[in-house]
Amino acid sequence: MRKRQPKTYTRLTHPLVRDSRDQPFRRATWDEALDRTARGLAAARGSCNRTCHAPSVAGLSAAFGSGGGTSSYEEIEHTDVIVMWGSNARFAHPIFFQHVLKGIRAGARMYAVDPRRTSTAEWAESWLGPNVGTDIPLAHAVGREIIHAGLVNEAFVERATTGYEEYRALVEPWTLSLAEKVTGVPAAAIRDLAHAYARAERAQLCWTLGITEHHNGTDNVRALINLSLLTGHVGRYGSGLQPLRGQNNVQGGGDMGAIPNRLPGFQDVLDPVVRHKFESAWDTVIQPHHGLTLTQMFEAMDEGTLRAVYCIGENPAQSEADSEQAVRRLRALDFLVVQDIFLTKTAELADVVLPATAGWAETEGTTTNSERRVQRVRRAVTPPGEAREDIDILCDLAARLGHDWKYADAEAVWNELRSLSPDHHGMTYARLEEHQGIQWPCPSTDELEPTYLHGRLWDTDPARRGRRAPFGIVRHDPPVDLTDEEYPIRLTTGRRLDSYNTGVQSGGYASPLRRGESVELCPEDAERYGVAVGEEVRVTSRRGSLVAPVWVDTALRPGLAFMSFHFPDEVDTNQLTIEANCPIAGTAEFKASAIRIEKVSSGGPALR
């Protein structure tokens, strides 16, 4: 099979500007680039920075009031049952998976729930392979079986939850036989999972993008949280919910306020007391309304109400669903500024490009991982050329927009956060170094909180127990992009061990595992289409079409194909995906597109 190597992106070492979109970039001074940026942002009505709102954050917040995973990584080493739902953690989260392996070696039983029989599933006691988009029926069937088998933790449900009776009525139709018919998972396997999870003394329920990247991603998350409420597997050491974040520091970005409805420390922007605290510290007025999700921003570009975008460290031209539409929207903006370390496809569309430092090697600060652990980041190497740290760039830009932001260093920024976020107040730089990272919440400078969240739910005193966790009343909603005779194959997407996202960071490094992008089919489908490994085929959805080589994978079942986004300069998978979005979080349905496969002749068009 011919190897397809991705483009190696050019490291940015000096600011770039251009006088018009039809002109090439030219090198600029920092003063010129920042002046141009300030004018562009100030002149464009409805200008906005790019943000997101993850379904995991939304679902956990709705149930518990905070959007973080409830357990530590260490706890999965000391649990009895591990459920990996929609997560090929061995490839997508290999560091976390080492903790999973320690748990398995200590005697934990793992159940893998995934449409593909992934590398992660190889370590599972049982693999449940649902049809794509049927996670809610499967979760409801597990919940119904727990109820009918008399395995509900009734004391916990009565003490710590609300909405149980409505939930019981919701799941009642989802018998094991109906669930088998809809999900494709054998009834016996569903029953086994339900009994193992409910009977376990301690159990961890983990998920990632296989659950969240759907048009109803937040509902999927709520359906899984319901199982923890039903069994009391939350708020105790070794029992909890672990959403594995899609990228490094996603948790930290949300914690710092990079979501449309929260201020730093995950504090509600609609709370007048919270707003007053930040207004006093920042000497500004904070509007009492939510911002836009990423999806809403792209829709606002179409509507003409969002005319300028400040994009920091992302590549939406290649990472968004229906990438041709995303590029068209970005091109239509009055002004686009990109702050990054590489000249990405998105940066190539910009009016101004600002060279930043690499957050993992050239910057001072902190990062927060999926277990809510805040860790220090230290500069190891000097950034190249004129590249500058994000904080310095933002402060200089703020000055040009009329705001005097003065911080001596990254620690001063962190100390401002500590003064405003109770969850972070106790995390001085000295303590972060002493403990090699601290999980939030950490309100005290003298003590550390338990590694798990929501232990209050077990308190016998209602006053200390606080707000009860509501069951999520969510219903099955199939994928938007239906398969039919014209598009008979379900395409799902994911990641490979050797590469990362759109390949910007990983593409410049050699890997013996890397074989470029391909469309993966099961042996039966490859035989049905008469194609062999390495043979090129045309892959077409209702949005776009591309040519890719075939790879045959026994982890797939008939009618299911798999691709990744790692090589968009060679095979732009996001031309195929659909921008059907979760109405709560705005996440697109990357996991469920409908496609057809056609052989490509050596000298002509696709064969039908």
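For the sequence shown, the working numbering assigns the number 1254 to the initial residue and increments by one for each residue that follows. Glycine is no exception: its CB is placed at the ideal position from the N, C-alpha and C atoms.
Query                                                                                                                       : Result
Check whether V1757 and A1779 have beta carbons under 9 Å apart                                                             : no
Residue range of the beta strand (DSSP E) that includes Q1457                                                               : A1456 to W1460
The ligand HEM heavy atom lying under 8 Å from the CB of G1293                                                              : Here there are no bound small molecules, and the ligand HEM is not part of this structure.
Cutoff 6 Å; reference R1343; Cβ partners in own chain excluding five residues on either side                                : F1350, S1372 and T1373
Contact belief for P1368 with P1383 at Cβ below 8 Å, rounded distance in angstroms                                          : 6 Å
Beta-bridge partners of T1415, as assigned by DSSP                                                                          : P1723
Inter-residue CB distance, S1324 and Q1457 (contact presumed, cutoff 8 Å)                                                   : 6 Å
E1773: first and last residue of the uninterrupted alpha helix (DSSP H) it sits in                                          : No alpha helix (DSSP H) contains E1773, which is instead part of the beta strand (DSSP E) from V1772 to L1774.
For N1834, three-class secondary structure by DSSP                                                                          : strand
Buried/exposed call for Q1828, threshold 16 Cβ in 10 Å                                                                      : buried
Terminal residues of the beta strand (DSSP E) in which C1564 lies                                                           : A1561 to I1565
Buried versus exposed, by CB contacts within 10 Å (16 or more), Q1276                                                       : exposed
Nearest-angstrom Cα separation, counted from R1849 out to C1788                                                             : According to the sequence shown, residue 1788 is Glu rather than Cys. Going by the C-alpha atoms only, they are around 16 Å apart.
Given L1799 as reference, the closest of K1844, A1763, G1747 and K1852 once Cα atoms are compared                           : K1852
Assigned secondary structure, E1433 (DSSP; H/G/I helix, E/B strand, else coil)                                              : helix
Assigned secondary structure, V1353 (DSSP; H/G/I helix, E/B strand, else coil)                                              : helix
Whether L1744 touches A1845 by CB criterion (9 Å)                                                                           : yes
Extent of the continuous beta strand (DSSP E) to which I1335 belongs                                                        : V1334 to W1338
In DSSP terms, what D1593 is bridged to                                                                                     : P1608
For K1852, three-class secondary structure by DSSP                                                                          : strand
Pick from D1272, D1333 and T1387 that is closest to R1728, judged by C-alpha positions                                      : T1387
Where I1691 falls: helix, strand or coil (DSSP)                                                                             : strand
Residues sharing a beta bridge with S1492, DSSP                                                                             : R1489
Reference S1572; option with closest CA among G1293, I1837 and F1820                                                        : F1820
Cβ distance (whole Å) where T1597 is taken to contact Y1262 below 8 Å                                                       : 6 Å
Beta-carbon contacts of A1365 that lie in its chain and below 6 Å, excluding the five residues immediately before and after : M1337, T1373, A1374, A1377 and W1380
Local Cβ density within 10 Å of P1715, reported as buried at 16 or more and exposed below that                              : exposed
Alpha-carbon spacing of G1493 relative to E1328, whole angstroms                                                            : 9 Å
Nearest residue (CA-CA) to D1288, options P1731, G1655, D1699 and Y1782                                                     : G1655
T1548 beta carbon less than 9 Å from that of N1834                                                                          : yes
Y1262, DSSP secondary structure in three states                                                                             : coil
Coil, strand or helix - R1861 by DSSP                                                                                       : Residue placement at R1861 cannot be trusted, given a pLDDT of 36 that sits under 50; what the coordinates show is reported in the next sentence. Residue state, collapsed to three classes: coil.
Beta-bridge pairing of W1380 - partner residues as DSSP gives them                                                          : A1365
Under 9 Å between C-beta atoms of L1583 and P1569                                                                           : yes
Endpoints, the alpha helix (DSSP H) within which T1390 is located                                                           : According to the sequence provided, residue 1390 is Pro. The question's Thr does not apply to it. Here the alpha helix (DSSP H) through P1390 covers D1388 to H1401.
L1673 beta carbon less than 9 Å from that of S1534                                                                          : Here residue 1534 is Ala; the residue named in the question, Ser, does not match the sequence. Contact: yes.
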